[in-house]
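Just below is one structure, and these are the notes that go with it.
Numbering (our numbering), first residue to last: 1 to 203.
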């Protein structure tokens, strides 16, 4: 059985071509890879998981105030209740066993995002830093894909992939027994997910 490769992100600055080669090889042969030395503080990651735990433990009535795609929360921002979505409608008729809270790049300064942190200014500022750090990491990984694939300018070359993403979305989700934080970013026809996972501790 093949193991998922662990790629040292410090290579991005010291040898970007080698870093790009490793990412391309892992994506082609395995389909996934881990990144270490990515520059995102572990304290910051731990705090975001704690904020997620605090939000999802609130009463449903409280969380439903921030429902996604409601009259006030447009553009895929806000709370998604348990079993309200289905990735496989033909076979999963009861809905996905998860709940989520989406924060898009165009709403990071909105009251909707601040409500997730119960108006805690310190945690909100930490989230802004977390969002930017994840976006930076995703952009750098996208750049390495472009280097490895030798994408020509006419097809959306590396300079195109390193611009600010068309869409950046941080999702905070609970799939019992795991909490997941991840960012989806898109640029032109490319899509990338940066995922962090932690087991839920018994309450």
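We put the CB at the ideal spot given by N, CA and C, even for glycine.
Nothing here was measured: the structure is a model prediction, and the numbers come from that model.
Start-to-end residues for the alpha helix (DSSP H) that takes in residue i
i: residue 18; result: 16-29
i: residue 205; result: Nothing can be reported for residue 205: it is not among the residues displayed for the chain, which extend from 1 to 203.
Coarse secondary structure for residue i, derived from DSSP in three states
i: residue 210; result: For residue 210 there is no data in the structure shown, the boundaries of the chain being 1 and 203.
i: residue 12; result: helix
i: residue 117; result: coil
i: residue 4; result: coil
i: residue 49; result: helix
i: residue 87; result: coil
Inter-residue spacing [alpha-carbon to alpha-carbon] between residue i and residue j
i: residue 16; j: residue 130; result: 24 Å
i: residue 96; j: residue 79; result: 14 Å
i: residue 90; j: residue 98; result: 18 Å
i: residue 64; j: residue 51; result: 17 Å
i: residue 101; j: residue 61; result: 15 Å
i: residue 164; j: residue 136; result: Model confidence at residue 164 stands at a pLDDT of 44, short of 50, so the residue's coordinates are unreliable; what they give is reported in the following sentence. Their backbone Cα atoms lie some 9 Å apart in a straight line.
i: residue 56; j: residue 49; result: 11 Å
i: residue 121; j: residue 141; result: 30 Å
i: residue 20; j: residue 59; result: 45 Å
i: residue 85; j: residue 22; result: 35 Å
i: residue 93; j: residue 67; result: 21 Å
i: residue 6; j: residue 83; result: 34 Å
Segment limits, beta strand (DSSP E) that includes residue i
i: residue 99; result: 99-104
i: residue 150; result: No beta strand (DSSP E) holds residue 150; DSSP gives it neither H nor E.
i: residue 217; result: Residue numbering for the chain in the displayed model covers 1 to 203; residue 217 lies beyond these limits and cannot be assessed.
i: residue 79; result: 78-80
Local Cβ density within 10 Å of residue i, reported as buried at 16 or more and exposed below that
i: residue 30; result: exposed
i: residue 105; result: buried
i: residue 158; result: Because residue 158 carries a pLDDT of 46, less than 50, the predicted location of this residue cannot be relied on, and no value is offered for it.
i: residue 87; result: exposed
Residue of the options minimising C-alpha distance to residue i
i: residue 11; options: 3, 28, 39; result: 39
i: residue 8; options: 34, 142, 118; result: 34
i: residue 3; options: 43, 123, 128, 26; result: 26
i: residue 53; options: 117, 143, 140; result: 117
i: residue 46; options: 146, 123, 148, 138; result: 123
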